[in-house]
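The listed protein sequences correspond, in order, to chains R and C.
For the first sequence, my numbering assigns the number 18 to the initial residue and increments by one for each residue that follows.
For the second sequence, my numbering assigns the number 501 to the initial residue and increments by one for each residue that follows.
A virtual CB, placed ideally from N, CA and C, is assigned to each residue, including glycine.
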Amino acid sequence: MAKDDLSTHLKYVGTRPDRPDGLDKVTGRARYGADIAAAGMLHAAVVRSPHAHARIIKIDTSKAEAVAGVKAVVTRADFPTGLTGEDWNLQENTMAGDKALYDGHAVAAVAATTSLLAKEAAELVEVEYEILPHVTDVDEAIKPDAPVIREGAADASVPEGMPANVVKYMEFGHGDIEAGFAEADLVMENTYKTEATHQGYIEPQACMGQLGKDGKGEMWVSTQGHWYIRKMSAAVLGLEASQLRVTPSEIGGGFGGKTTIFMEPLSLALSKKAGGRPVKIVMSRAEVLRATGPTASASMDVKIGMKKDGTLTAARAEFRMQGGAFPGAPVDMALYCAFAAYKLPNVEHIGYDVLANRPKCAAYRAPGSPMGAFAAESLLDEMCHKLGLDPLEVRKKNAVREGDKSSYGPKFGSIGLIETLDALENHPNMQAPLGPNQGRGIATGYWFNHGGETSVSMAISEDGTAQVSVGTPDIGGSRASIALMTAEALGIPYENVRVNVVETGALGVNEPTHGSRATFASGKAAVESTNQAIAEMCRRAAAEWGIAPEAVEWRDGAAHPAGPNAGDFPPMSIQEIAVKMGETGGPISGHHEGNLDGVGASFGAHAVDVEVDPETGRTTILRYLVVQDAGRAIHPAYVEGQYQGGAVQGIGWALNEEYIYDDKGRLQNPVFLDYRIPVASDLPMIDTVIVEVPNPGHPYGVRGVGETGITPPLPALANAIQNAVGVRMRDLPMSPVKVLAAIKAQNG
Amino acid sequence: MVKVNLWSSLRRFTEGKTEVEVEATTVKEMLDGLKAAHPGLGPILDAGISVAIDGEVLNGNLHKAISSENEIFILQRMKGG
């Protein structure tokens, strides 16, 4: 679709109506994962390894089974065998087999009539371990003599001779990297490290599963993707997917961490063993932090060549990431995003996915991109300092535009980076005066948009209102945005459209709400579905009028004769058509299924002002600005919320959050008191600017906006801290103790 | 014939080339052609990749038509959060 075909005269799209889920959430009526209950329901507790790496010699469950009220105990022996590939990885992570691979790895689970009883019985499960050497740091894990997590785990991408914990290897780039560096006036190279961080969703994982001996089951679960829960649970337990019906609860945050399974299959396995009684599992915060997927930790070498005028001549990135004891660290995505903002004639990327004794990583908002940005955008800023160049001007000078070759290969389609940088430059925050120990940092960030498998249906109700059924759980306002787009297409008020997130039995397959896709993909499919219903309503009106369907057009919520030759009929409203639909051919509905294309990537640019206390090393954020291309903001308040939420998570990653392991590989901070995410009192209001460079691949110009916002804060804060107190932090988090040490080192 | 750009560490399976040509009119034929011409690519392609056509990353569109006019890149499988 050409840009000028995009709808421009819009009545509902771009407005800020009340949130459809707002009242339920503030009154406690919304039902989350742990809110479900059923007759005969059992409660489960999971026995977890206290060791980072240990061979499981023996598991004795007899004492737990003997407790009155205990109805089932499961170990890996209760799971099917013979799985391969990612199915095996998922099963192994759900329940340890021969070895416990990280502190918190599940080794058994108990179901009992009360939660307390289940926990007490879990403590009676006796596990005999042979403790093995462990490794949790990526640079240690990649050494040739590191403890081997799993022999033979490398895929075909890994050349012979690489260390045993390297499970995936990649190189890509273009141009002549050495010639590019030779052309530069300044070449700099540094190493940057980021710690693993958790998505930090407020609602821990929770589910209730029920499975009979006939292989038919149901699940209620807090998830971003219930078809994934179904597919993965079915694979891990050897079930037929269609026999498992999965209903998503309201969700209290996911940020990527709820796109996969952890304990969900355990509830089904326990239920089956307990005679089909439903089994509820609610994780504690400590279990969430120890045993669900954080993002990867990273060690990154970056080298950039720059001319005196700021023109980039070459860039090289070599990233090492550990994503726990299984393959899947987002090193590829980190490399794709690291230099994506810049025109680079010569570029080289090298990546290693490395195993370590940590929990299996999961997706976390723009997986990999924040790490890549931290490395690349930090070094770029350091070079601007060295050459005395304005960092914003350098970014604008090298910024990619439509048609430019990306650093990862393909040419860019429609993008809005330069518009985003212009809007940043023109914002009042950029002129705010700064005092002693205060500094300003800027950085850019990039994330793709994903279409993915999508299935949506919509139906006209008898009173002329509309309902839309989607399969993407609403984690950031997608019900509101889909309702707005449907209302716009139908020409009826937003309040007359209800969007329901429905269970797996109600639609074809849907990928999760991931890849910034829900508003893009489910929204696009909802518009396609609505257009089908509109075509049918036009057909009904045409039949009523005795004219050809092609002579009828739809606007303002009614069928109209398309022109003077079509006849002189008064408009027939959606209510008039709907109330008679039972007599004119039956229900009116539409549906759309497909792998949706037309995605629109989103660039962002952030500016942060900080004050660093030279006595304590504490960084206080004075003001924070997010500018990002949304394509078109369907519900601007939700878009701003995504920008603000992403920035806050990035700020936490930059300043405070980290996984701290002791010398035995045990996580030392598995509670929010010690794993410190930012709270409202830590931050000023995050200022936002929505740039709108419409995506021609969407009927309303939508780009995915959910993920980009987490990317720039890491380097923007490092750049601001350098400008405030002169120290360059290359190792996250930039906690007070580290910043203070750097200041002291600088002062001698 | 379509030209396919591979990530550079795959060149050990393609006699050192990162741009290869195959006879294909769809994405599926392109992938099948790559595997037939360079069997070492099979496990990599089967494990899951993304295909970018004229700048747009596509997953799961094996039957999409392609021609010599398209810019085609094989990329690591895209993931999102």
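The segment 200-284 of chain R is shown to contain whole beta strand (DSSP E) runs of 3 or more residues at 203-211, 223-228, 234-238, 261-265, in chain order.
Per DSSP, the unbroken alpha helix (DSSP H) holding Leu396/R starts and ends at 386-404.
Looking only at Ser386/R, Val305/R, Thr489/R, Val656/R, the smallest Cα-Cα distance to Trp670/R is reached by Ser386/R.
Pro176/R belongs to the set of residues whose beta carbon lies under 8 Å from a beta carbon in chain C.
Interface annotation, Asn570/C: not in contact with chain R, CB-CB separation never under 8 Å. Residues of the same chain with a CB within less than 8 Å of the CB of Ala565/C, apart from the 5 flanking positions on each side, are Thr525, Thr526 in chain order. In the three-state DSSP reduction, Thr437/R falls in the helix class (H, G or I). Secondary structure at Lys681/R: coil, using DSSP grouped into helix, strand and coil. Contact annotation: in the segment 180-202 of chain R, residues whose CB is within less than 7 Å of a CB in chain C are Tyr186, Met187, Glu188, Phe189, Gly190.
Judged by their CB atoms, Ala542/R and Val473/R are nearer to each other than the 8 Å cut-off. Proximity to Ala650/R across Ile564/R, His26/R, Thr32/R peaks at Thr32/R, based on C-alpha coordinates. Within the same chain, Cβ atoms closer than 6 Å to the Cβ of Lys80/R are found at Leu141, the five residues on either side in sequence being excluded.
Our two residues, His563/C and Thr276/R, have alpha carbons roughly 27 Å apart in a direct line.
Check the Cα spacing between Gly494/R and each of Pro587/R, Gly322/R, Ala654/R: the tightest is with Ala654/R.
Between Pro539/C and chain R, the shortest Cβ-Cβ separation is not below 8 Å. Arg382/R sits in coil when the DSSP states are folded into three classes, being neither helix nor strand.
Contact annotation: Tyr49/R and Glu235/R have beta-carbon atoms that are not nearer than 8 Å. Against chain C, the CB of Ala380/R has a partner CB under 8 Å away; the residue lies at that interface. Taking the C-beta atoms as reference points, Pro529/R is found no nearer than 8 Å to Gly718/R. Shown here, Glu137/R sits in a helix according to DSSP, grouped into three states. At a cut-off of 3 residues, the continuous stretches assigned as beta strand (DSSP E) that sit fully inside the segment 554-588 of chain R are 569-572, 575-578. The continuous stretches of alpha helix (DSSP H) do not include Lys160/R, and DSSP gives it neither H nor E. Using a CB distance below 8 Å, the part of the segment 466-496 of chain R facing chain C consists of His467, Gly468, Gly469, Glu470, ordered along the chain. Residue pairing by DSSP places Ala71/R opposite Ala117/R, Ile148/R in a beta bridge. A direct Cα-Cα distance of roughly 13 Å separates Asn106/R from Leu254/R. For Tyr353/R, the enclosing alpha helix (DSSP H) covers residues 348-355. Listed in chain order, the positions of the segment 600-624 of chain R with a beta carbon within less than 7 Å of a beta carbon of chain C are Asn612, Asp614, Val616. Against chain C, a Cβ distance below 9 Å from Pro362/R picks out nothing, because the smallest value is about 16 Å.
Looking at the backbone, the Cα of Ala647/R and that of Val84/R are separated by about 57 Å. Boundaries around Glu335/R are those of the beta strand (DSSP E), 329-339, since no alpha helix (DSSP H) includes it. Considering only beta carbons, no part of the segment 244-258 of chain R lies closer than 7 Å to chain C. In this structure Tyr381/R is in contact with Phe272/R, their Cβ atoms being roughly 6 Å apart against a cut-off of 8 Å. Residues of chain R whose Cβ lies closer than 8 Å to the Cβ of Val504/C do not exist, since the nearest Cβ in that chain is about 11 Å away.
Look at the segment 306-329 of chain R: the residues with a C-beta under 9 Å from a C-beta of chain C are Thr312. In this model, Glu553/R and Thr309/R are separated by some 47 Å (Cα to Cα). Residues of the same chain with a CB within less than 7 Å of the CB of Lys28/R, apart from the 5 flanking positions on each side, are Glu505 in chain order.
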